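Student: All residue numbers for the sequence shown refer to our numbering, where the first residue is -18 and numbers rise by one.
From the three backbone atoms N, C-alpha and C, an ideal C-beta is built for every residue, glycine too.
Nothing here was measured: the structure is a model prediction, and the numbers come from that model.
Quick one: this structure, given as structure tokens, is what I'll be asking you about.
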Amino acid sequence: MSSEKKPFQCCQTHKNLQQATQAHPQASSSEKASTLDQTKEQKSHCDQPNQIHSQKPFPMGPKTRITIHFDVGFPNALYLRGEGAELSWQKGLLLKNVKSDEWIWETTKPFTTCQFKILINDYEFEIGENHLLTCGASVHYTPKFH
């Protein structure tokens, strides 16, 4: 076991300073002391200076849910494409299969409105108009395919 002390690691500011110090091992003692002093000054902003902090979570909005009632048959899957609510028309999101004929997508990330469609295997779009969804809504329906 090494008796070498590990540098503290808490917030990103301190990680950056630690990496800068490690990147310049030839730095003089006075330069290292200066970096350490800067780190100690910046360290005072941390609640728990010797703890590793996690990143702040995204702000949460109300739960928004889409429940699709459709038996797509094994091994097929249903996907969601759209615009808004972090959806894309280029690549679908796999829905969660909870029963043989029930698929769910939900989010707590805030958004205003979105439009969406359901696809089989992220390839075959459901027929009809785009569906509209507002943040916090819960929608149940059965899509139609050719």
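Helix, strand or coil: how does DSSP classify N78 here?
Tutor: Residue mapping note: residue 78 aligns to position 97 of the sequence shown, counting from 1. When DSSP states are grouped into helix, strand and coil, N78 belongs to the strand group.
Student: Which value, in whole angstroms, describes the spacing of the CA atoms of L75 and S81?
Tutor: On the sequence shown, position 94 is the one that residue 75 refers to. On the sequence shown, position 100 is the one that residue 81 refers to. Distance between the alpha carbons of L75 and S81 is about 15 Å.
Student: Determine the DSSP secondary structure at Q96, reduced to helix, strand or coil.
Tutor: Locating residue 96 in the sequence shown gives position 115, where the first residue counts as 1. The answer is strand: DSSP assigns Q96 an E or B state.
Student: If you draw a straight line from the alpha carbon of V53 to that of M41, how long is it in whole angstroms?
Tutor: In the sequence shown, the residue the question calls residue 53 occupies position 72. In the sequence shown, the residue the question calls residue 41 occupies position 60. Cα-Cα distance, rounded: 32 Å.
Student: Please report the Cβ distance between L113 and W86, rounded to the nearest whole angstrom; I am assuming they are in contact, meaning their Cβ atoms lie under 8 Å.
Tutor: Mapped onto the sequence shown, residue 113 falls at position 132. Mapped onto the sequence shown, residue 86 falls at position 105. Contact doesn't hold; Cβ gap of about 15 Å is too wide.
Student: Out of F92, K44 and E83, state which residue places its alpha-carbon closest to the alpha-carbon of P124.
Tutor: Taking the sequence shown and counting its residues from 1, the one referred to as residue 124 is at position 143. It is E83 whose Cα lies nearest to the Cα of P124.
Student: Quickly, what does DSSP pair E105 with across the bridge? List them, please.
Tutor: Here residue 105 refers to the residue found at position 124 of the sequence shown. DSSP output for E105 lists I101 as bridge partner(s).
Student: For H121, list the residues DSSP reports as bridge partners.
Tutor: By 1-based counting over the sequence shown, the position of residue 121 is 140. T48, per the DSSP bridge assignment.
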